[in-house]
Each structure stands twice: as structure tokens, then as C-alpha cells.
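**Q** After the C-alpha cells below, expect a handful of questions from me.
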Amino acid sequence: MSEKTANGSRARILTGDTPTGQLHLGHWVGSLENRVALQDQYECFFLIANMHAFTTRADKPDEIRRSTIDIIKDWIACGIDPEKSTFVLQTEIPGIAELSWYLAMLLPFNRVMRNPTLKSELDAKGLGDNYSFGFPMYSVGQCADILLFRPELVPVGEDQLAHIEPCREVARRFNQMYCGVDSHTEDEDYVSAGGLFPIPEGKVGRVARLIGTDGKHKMSKSLNNAIFLTDTFKQIKKKMGGLYTGRVAMDEPGDIHNALFDYVRAFIRDDERIKELEEAYSKGDNIGDGHVKVEVAEHIDKLLEPMRERRVPYEGKEGDKKVLELLRAHTEQANNAAEETLYLAKQAMKLDFGKRSLVFA
Ligand code: ATP
Ligand code: MG
2 MSEKTANGSR ARILTGDTPT GQLHLGHWVG SLENRVALQD QYECFFLIAN
52 MHAFTTRADK PDEIRRSTID IIKDWIACGI DPEKSTFVLQ TEIPGIAELS
102 WYLAMLLPFN RVMRNPTLKS ELDAKGLGDN YSFGFPMYSV GQCADILLFR
152 PELVPVGEDQ LAHIEPCREV ARRFNQMYCG VDSHTEDEDY VSAGGLFPIP
202 EGKVGRVARL IGTDGKHKMS KSLNNAIFLT DTFKQIKKKM GGLYTGRVAM
252 DEPGDIHNAL FDYVRAFIRD DERIKELEEA YSKGDNIGDG HVKVEVAEHI
302 DKLLEPMRER RVPYEGKEGD KKVLELLRAH TEQANNAAEE TLYLAKQAMK
352 LDFGKRSLVF A
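Everything in the sequence shown is counted per the working numbering, starting at 2 for the first residue and increasing by one.
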């Protein structure tokens with residue numbers, strides 16, 4: 002994957018989070034860590050999917066607004082630099098909703114419904130058959146979120162790869178149907194062959210799917226099994242303490258593939274120490290779960306320490322105000338990039354009846 006496009010400009014990244022709560026360690030290892038590492042090489046767009054938050058929480062507008070602001074604070078705390086990257090507030094980028102319509106025409110209904118992540122989200126969130134029409138629509142909307150910014154790379158957790166696949170399919174289809182690209186073209190050659198959209202690639206983080214402190218489901222902000230980036234050492238220790246391993250005695254051989262050891266490998270960044278712990282634990286060498294849990298908690302706390310410091314200028318109501326100001330400035334930048342793509346897409350579709358400009362006050 003090149004960090005430059007064919008015309009020499011910086012390749013782009015787009016990814017984002019839904020404001021359905023605060024960010025947690027799963028976000029860090031699955032996506033945020035990559036965002037921070039790549040923000041210098043790539044032109045980055047980070048999206049707050051606040052429209053999509055309404056697919057499951059239409060009755061909670063206050064909470065959605067609150068977590069929109071909190072997530073921006075989380076991003077900055079993680080080391081995402083607002084001077085280098087552009088924040089995209091989904092509801093203020095009208096091009097997203099517009100492109101969603103056009104892309105919806107290129108995606109078969111059954112294809113959308115076959116998405117395994119959509120199915121497992123319905124299960125995990127207990128939505129059964131009782132979900133809104135908007136819920137599966139978000140899968141189409143996500144294709145528009147991504148393609149409107151024409152990124153090469155989309156850093157995500159493993160669960161989101163199934164959402165990127167329809168996006169890649171629809172990008173190929175659009176390029177073939179409206180830009181005359183041959184269907185045998187290799188993915189990386191679509192733009193040089195005259196296509197509008199690069200075929201974006203998902204980039205999964207260091208840990209593809211961090212398990213939650215319930216030891217069962219993916220760590221998720223809506224499943225009450227998360228260690229948040231804002232948690233104190235006391236909270237981290239308590240949550241780690243509750244992690245179920247199924248082991249009863251410390252002289253009993255432990256399974257190093259249990260949830261606790263997923264945390265050991267994810268957060269103790271010292272290969273020798275990991276090996277030592279794995280050996281002792283698998284032999285039942287007088288090493289209790291409690292000890293390992295505290296050690297992991299200490300490492301997590303060390304990871305979060307600089308984040309706490311970066312968060313200080315954004316605390317409280319004054320911090321909220323700063324975030325809203327940032328969002329305003331970034332919305333203009335984001336709309337400039339989005340409107341450019343949308344115009345080109347409409348031109349390809351013979352819908353270029355005039356140029357418009359958006360005013361955001
Ligand atoms: P929700 O419960 O509302 O779906 P979530 O915790 O799954 O929230 P999202 O906003 O859906 O969070 O995900 C944002 C990004 O973080 C996605 O790229 C997703 O794949 C990644 N991610 C979320 N949870 C994890 C996890 N436990 N491990 C690895 N990556 C994760
Ligand atoms: Mg999710």
C-alpha cells in the first residue's frame with residue numbers, strides 16, 4: 002500500500018466511530034493506535050457517525066450529542082492532532098446522505114442483508130426482528146462515508162471488515178458503470194484506469210478483536226464490558242478483577258488462550274515478560290489470576306497516563322466549547338473535500354446541472 006497516490010498527492014485515510022458511548026481499549030488496539038501512527042504519512046479524515054447513532058438510539062439525542070463531544074476528546078487524548086487531521090461530523094456533510102442514495106441503487110438488497118456484522122450486531126444489541134429500516138441503511142451509508150473521501154486505507158477493527166467489502170464492491174461497480182473502467186481491472190489500478198473511487202483497503206489493528214471484560218463478547222461501548230480510555234486505575238483494576246477465566250487454583254495449569262492472556266499479550270508490551278508469564282501460568286507454577294490481572298491493569302494504566310494529560314485542556318464546559326469550535330472549523334474543510342467528490346460523482350452520472358456551494362455558519 003503506497004502512501005502516495007498516482008499523481009503524487011498524499012494518500013488518504015478515512016475511518017471513524019459511532020457516538021454511542023465513550024471510546025475503550027478495543028478502539029485503541031483495533032483502530033486508534035493505527036490512526037495515530039499513520040496521521041503524518043496520510044491525509045486523514047476521522048468521522049463521527051452521529052447520524053448512524055440514531056439507528057439504534059433515535060430516542061436519545063442528548064446522549065448522542067454528549068458522546069459526539071466526548072469522542073472528539075478521546076481522539077485528542079489518544080494523540081490524534083486536529084492540526085494534522087480533519088474531523089468529519091457526519092450530520093453536517095450533506096454529501097454523505099446524497100451519495101448514500103446513489104450507492105443504494107448499486108447494491109442489491111439481499112447483499113446488504115447478508116452482511117454478517119449486521120446480523121451479529123442485531124443479536125448483540127438484542128434488536129431481534131424489531132429494528133428500524135434505517136438500521137440496515139447504515140451499511141449503505143457507511144459506503145458513502147468512506148467513498149466520499151476517496152481514501153486508500155480504512156483502519157478498522159476486524160468486525161468492520163464485513164462492512165468494507167460492500168464498499169469495495171460498490172466502488173468497483175460505480176467505476177465500471179459510470180466511468181467506463183473495465184471489469185477485469187486490478188483493484189489498485191481503478192483510478193489510473195479512469196475510475197473516480199480508489200478501491201479502499203481495510204487495515205486491521207494490532208489486535209483484531211479485543212474481547213470484553215465479560216470474557217465473552219467483543220469489547221463494545223454498548224455491552225457494558227469495556228475498559229474506557231477515561232477509566233481511573235481503580236476502575237481498571239476492578240474491571241480486570243471481574244474477568245472470568247474459569248481457573249480455580251493457582252497450582253492448576255492455566256490456559257494461555259483464555260481472555261486474560263489476550264489482555265496480557267495486548268497490553269504488556271514486553272515479549273520476554275509475556276513469555277515468562279505464559280510459561281509459569283501454563284505450568285500452574287504458583288501464579289494466580291489475581292496477580293496477572295493487577296500486572297495487566299498497571300500496564301493499561303501506564304498506557305492511559307499520557308492520554309489523561311492531553312485531556313486536561315479539554316475538561317468541563319470550556320473543553321466542550323473548544324470541541325464545538327474545532328468541529329465547526331473542520332466541517333468546512335470536510336465539506337470542501339466531500340463536495341469535490343460528490344460533484345465528480347454526479348458528473349459521471351450525468352447529473353452535473355450546476356455547481357453549488359455550502360454555507361456553514
Ligand atoms: P457499538 O457497541 O455502538 O457498536 P463499538 O464499541 O463496536 O460500539 P464502533 O464505534 O462500532 O464501536 O467501532 C469503532 C471502531 O473501533 C471500528 O473500527 C471497530 O471495528 C473498532 N472496534 C470496536 N470495538 C473493538 C474491539 N473490541 N476490538 C477491536 N476493534 C474494535
Ligand atoms: Mg460497533
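No residue lacks a Cβ here, since even glycine has one placed at the ideal position from N, Cα and C.
The structure displayed is predicted, hence computed values, not measured ones.
State whether the segment 292–301 contacts the segment 229–249, with contact taken as three or more CB pairs (one from each stretch) at a distance under 8 Å.
**A** At 8 Å Cβ cutoff, the stretches touch.
**Q** Between which residues of its own chain and D263 is the CB-CB distance below 8 Å, once the five residues before and five after are set aside?
**A** V208, L211 and I212.
**Q** Going along the chain, which unbroken runs of the alpha helix (DSSP H) with 4 or more residues stay wholly within the segment 109–180?
**A** 110–114, 117–125, 135–148 and 162–180, all fully within the segment 109–180.
**Q** Taking 8 Å as the cut-off, is the CB of E159 close to at least one heavy atom of the ligand ATP?
**A** Yes, Cβ of E159 sits closer than 8 Å to a heavy atom of the ligand ATP.
**Q** Please state whether DSSP places T21 in a helix, a strand or coil.
**A** Looking at T21 - three-state DSSP - the assignment turns out to be coil, as it is neither helix nor strand.
**Q** Can you tell me whether I200 is helix, strand or coil according to DSSP?
**A** It is coil, neither helix nor strand.
**Q** Leaving out five residues on either side along the sequence, give the residues of the same chain with a beta carbon under 6 Å from the beta carbon of V205.
**A** If we look at V205 and ignore the five residues flanking it on each side, its Cβ neighbours are E159.
**Q** Can you tell me whether S13 is helix, strand or coil according to DSSP?
**A** First, the amino acid is wrong: residue 13 is Arg here, not Ser. Three-state DSSP puts R13 in a strand.
**Q** Can you find a heavy atom of the ligand ATP that lies under 8 Å from the Cβ of K222?
**A** Flag set: Cβ of K222 near the ligand ATP.
**Q** Between the alpha carbons of L15 and R169, how many angstroms are there, rounded?
**A** Cα to Cα, the separation comes out at about 14 Å.
**Q** Answer with buried or exposed for F198, where buried requires no fewer than 16 other C-beta atoms within 10 angstroms of its C-beta.
**A** Looking at its Cβ environment, which holds 16 or more other Cβ atoms inside 10 Å, F198 is buried.
**Q** Can you tell me the Cα-Cα spacing of E333 and I147, whole angstroms?
**A** Distance between the alpha carbons of E333 and I147: 18 Å.
**Q** For the ligand ATP, I want to know if P156 counts as a neighbour, meaning its beta carbon is within less than 8 Å of at least one of the ligand's heavy atoms.
**A** It does: the Cβ of P156 is within 8 Å (strictly closer) of some heavy atom of the ligand ATP.
**Q** Restricting to runs no shorter than 3 residues, where is the beta strand (DSSP E) found entirely within the segment 31–78?
**A** The qualifying runs are 44–49.
**Q** Do A125 and S221 come within 9 Å of each other at the CB atom, strictly closer than that value?
**A** For S221 and A125, yes; Cβs fall inside 9 Å.
**Q** Say the cut is 8 Å; is the CB of I212 nearer than that to a heavy atom of the ligand ATP?
**A** True, at least one ligand heavy atom lies under 8 Å from that Cβ.
**Q** Here's the rule: buried if 16 or more other CB atoms are within 10 angstroms of the residue's CB, otherwise exposed. What is M114?
**A** It counts as exposed.
**Q** Quick one: residues in its chain with C-beta nearer than 6 Å to the C-beta of A339, no 5 flanking neighbours on either side, listed in chain order?
**A** Closer than 6 Å at Cβ, skipping near neighbours: I94, G96 and L149.
**Q** From N337 to F88, what distance separates their C-alpha atoms?
**A** Cα to Cα, the separation comes out at about 12 Å.
**Q** Here's the rule I'm using: 16 or more other beta-carbon atoms within 10 Å means buried, otherwise exposed. How should F46 be labelled?
**A** Under this definition F46 is a buried residue.
**Q** Note down, one range per segment and in chain order, each alpha helix (DSSP H) of at least 4 residues found wholly within the segment 217–272.
**A** Runs found: 234–242 and 260–268.
**Q** Could you give the residue range of the alpha helix (DSSP H) that holds T342?
**A** Segment G317 to A349, the alpha helix (DSSP H) holding T342.
**Q** T21 and A54 look like a contact to me (Cβ under 8 Å); what is the Cβ gap, rounded to whole Å?
**A** Contact holds; Cβ gap of about 5 Å.
**Q** According to DSSP, is L359 part of a helix, a strand, or is it coil?
**A** In this structure, L359 counts as coil in the three-state DSSP scheme.
**Q** Give the DSSP bridge partners of V205, in chain order.
**A** Paired residues: V157.
**Q** Identify which residue in L359, Y103 and W76 has its Cα closest to the Cα of Q143.
**A** Of the candidates L359, Y103 and W76, the one whose C-alpha sits nearest the C-alpha of Q143 is Y103.
**Q** So for T186, helix, strand or coil by DSSP?
**A** Coil at T186, not helix or strand.
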